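Participant: In our numbering, the protein residues as written are 151 to 607.
1) In or out: residue 341 buried (at least 16 other Cβ within 10 Å) or exposed?
2) In terms of residue numbering, what span does the beta strand (DSSP E) encompassing residue 415 cover?
3) Could you give the residue range of the beta strand (DSSP E) that holds residue 201?
4) In angstroms, rounded to a whole number, what distance separates the CA positions of residue 477 and residue 272?
5) Exposed or buried, what is residue 174 when buried is set at 16 or more other beta-carbons lying within 10 Å of its beta-carbon?
6) Compare the C-alpha of residue 397 against each of 408, 338, 413 and name the closest.
7) From residue 220 to residue 191, what does the alpha carbon distance come to, in whole angstroms?
8) Please report the distance separating the alpha-carbon of residue 289 from that of residue 232.
9) I'd like to know whether the C-beta atoms of residue 529 and residue 591 end up nearer to each other than 8 Å.
10) Ignoring anything shorter than 3 residues, give me the beta strand (DSSP E) runs that lie fully in the region 469–518, in order along the chain.
11) Pull up the DSSP beta-bridge partners for residue 404, would you.
12) Please classify residue 514 as buried or exposed, where buried requires at least 16 neighbouring CB atoms within 10 angstroms.
13) I'd like to know if the region 540–551 and the region 581–596 are in contact, where contact means that at least 3 CB-CB pairs between them fall below 8 Å.
14) So what does residue 464 bridge to, in DSSP terms?
15) Ends of the beta strand (DSSP E) at residue 563?
16) Give me the Cα-Cα distance between residue 297 and residue 167, rounded to the nearest whole angstrom.
17) With 16 other CB atoms within 10 Å as the buried threshold, where does residue 347 fall?
18) For residue 597 and residue 566, which I take to be in contact (beta-carbon distance under 8 Å), what is that distance rounded to the nearest angstrom?
19) Can you give the Cα-Cα distance for residue 251 and residue 328, rounded to whole angstroms?
20) Around the C-beta of residue 210, are 16 or more other C-beta atoms found within 10 angstroms, so that it is buried, or is it exposed?
21) Classify residue 434 as helix, strand or coil using the three-state DSSP reduction.
22) Would you report the Cα separation of residue 451 and residue 462, rounded to the nearest angstrom?
23) Less than 8 Å separating the beta-carbons of residue 457 and residue 223?
24) With a floor of 3 residues, list each beta strand (DSSP E) that falls wholly inside the region 162–232, ordered by position along the chain.
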């Protein structure tokens, strides 16, 4: 038996596995490792949920501005919150500020290489936000008498904190860059045009092959995408949509195309830039050494700072302007805003009328040809007259009207003429004649019309 013990600071702490939690059984004595393990599991699942299901970016505030202070240009970040690429919630409070000249003085050895000139130039700096925790609330810790004075007390709490840094290199946000490129590519696909249309299966196969890798810059493509900037070069994964540009997609199957695109993003593309659960902390076995690793910090802004050397010191050039670029900053809209946008944004305050498609299809009195939009139907009304009806029809008043296009297909009427007759309570009346001659009822019933109706206002 001995009174000597290993000092507390010498004990090696192993990071707990976030995929495990305590399985307590009656009689077990819980210790420090058990409490740390349970916290790692609960906190790890929160970060996992945020990282996989929500994403990352600025949530609220954190506006970046530059003004003039007592010691020159001053960078200010307002209070706010964000989710980091590792799924950690960060709260900045109160507002923070830093003088750029102080940063230049602390990094004077790095400036010449950044400027590329011995006397003046412009440097790029990246403002990043990181999560950290701080130990607080010291309490006395019992132990062996051989401990040093600084081992007599230990912090009893960890408080959430943050770190704002100016870096000379941008943080890795490969997933953000690739997501923007994917969305920009989908936005430029062609729906309609007369065909022949690319099948959904062929579209999905082609989309799965758009991934390319590069160590310097993304492939050239018609996209005017910000992915070509140096910030995305570190991602090494890019998308080349050129094989899909010019191909026509069936507008009637737009939902199927988008579902196929989202499936490719989730199964094939996102895993190339998205970190696995646990962020390398042991979840999922921790055996996938090639899996992407999430950056700890979030980009807030890129700064272009004009600098000049004066008496051996680097300073912000008063004759230039500090430029703030937030175009590459990830942002996260909250669900309430997305809900309102999807619902149409409430009542429109615009006085400019807008048009929206309400009904369309190939229809006749006798039969319709699928697909038909808006439950469009045509009825025989009277001699030389048909009536169009569809879901949501309301007889026009002062607030709205309908724009009607109706083309008769080649059929039993040799020289058909279609005119808008009137809007009635139960539909839209069209007058159909054979030039100046009347049309028989059987021929009118058998004629197929290609109809498109838009509501204006």
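Note that the Cβ used here is the ideal one computed from N, Cα and C, for glycine as well.
This structure is a prediction, so every number in the text was calculated from the model and none was measured.
Facilitator: Reading off the structure:
1) Within the chain shown, the letter at position 191 stands for residue 341. Within a 10 Å sphere around the beta-carbon of residue 341 sit fewer than 16 other beta-carbons, which makes this residue exposed.
2) Translated into positions along the chain shown, residue 415 becomes position 265. Membership of residue 415 in any beta strand (DSSP E) is not indicated, and neither H nor E is assigned to it by DSSP.
3) Along the chain shown, one-based indexing puts residue 201 at 51. Going by DSSP, residue 201 is part of no beta strand (DSSP E) at all; its letter is neither H nor E.
4) Counting from one through the chain shown, the residue named residue 477 turns up at place 327. Counting from one through the chain shown, the residue named residue 272 turns up at place 122. Residue 477 and residue 272 have their C-alpha atoms roughly 19 Å apart.
5) Walking along the chain shown from the start, residue 174 turns up at place 24. Burial call: exposed.
6) Residue mapping note: residue 397 aligns to position 247 of the chain shown, counting from 1. Of the candidates 408, 338, 413, 338 places its Cα closest to the Cα of residue 397.
7) In the chain shown, residue 220 corresponds to position 70, counting from 1. In the chain shown, residue 191 corresponds to position 41, counting from 1. Their backbone Cα atoms lie some 47 Å apart in a straight line.
8) As a working note, residue 289 is residue 139 in the chain shown. As a working note, residue 232 is residue 82 in the chain shown. Annotation: residue 289 to residue 232 spans about 32 Å, alpha carbon to alpha carbon.
9) In the chain shown, counting from the first residue as 1, residue 529 sits at position 379. In the chain shown, counting from the first residue as 1, residue 591 sits at position 441. Contact annotation: residue 529 and residue 591 have beta-carbon atoms that are not nearer than 8 Å.
10) Positions of the beta strand (DSSP E) runs, each at least 3 residues long and wholly inside the region 469–518, are given as 473–475, 505–513 in order along the chain.
11) Position 254 of the chain shown holds residue 404. DSSP lists no bridge partner for residue 404.
12) For the purposes of this step, residue 514 is taken as the residue at position 364 of the chain shown. Taking all protein chains in view, the Cβ of residue 514 is crowded by 16 or more other Cβ atoms within 10 Å, so the residue is classified as buried.
13) No, the region 540–551 does not touch the region 581–596.
14) Sequence index remark: in the chain shown, residue 464 carries index 314 (1-based). Note: residue 464 sits in a beta bridge opposite 459.
15) Locating residue 563 in the chain shown gives position 413, where the first residue counts as 1. Membership of residue 563 in any beta strand (DSSP E) is not indicated, and neither H nor E is assigned to it by DSSP.
16) Within the chain shown, residue 297 is the residue found at index 147, counting from 1. Within the chain shown, residue 167 is the residue found at index 17, counting from 1. Cα to Cα, the separation comes out at about 30 Å.
17) Counting from one through the chain shown, the residue named residue 347 turns up at place 197. Buried.
18) As a first step, residue 597 must be located in the chain shown, where it is residue number 447. As a first step, residue 566 must be located in the chain shown, where it is residue number 416. At roughly 7 Å, the Cβ-Cβ gap stays under 8 Å, so residue 597 and residue 566 are in contact.
19) Translated into positions along the chain shown, residue 251 becomes position 101. Translated into positions along the chain shown, residue 328 becomes position 178. Between residue 251 and residue 328, the C-alpha separation is close to 35 Å.
20) Mapped onto the chain shown, residue 210 falls at position 60. Exposed, by the Cβ-count rule.
21) As a working note, residue 434 is residue 284 in the chain shown. Low confidence applies here, because residue 434 scores a pLDDT of 49, under 50, leaving its location unreliable and the question unanswered by this model.
22) Here the question's residue 451 lines up with position 301 in the chain shown. Here the question's residue 462 lines up with position 312 in the chain shown. Distance between the alpha carbons of residue 451 and residue 462 is about 29 Å.
23) Translated into the one-based positions of the chain shown, residue 457 becomes position 307. Translated into the one-based positions of the chain shown, residue 223 becomes position 73. Not in contact: residue 457 and residue 223 (Cβ atoms no closer than 8 Å).
24) Complete beta strand (DSSP E) runs here, min 3: 207–211, 214–219, 222–227.
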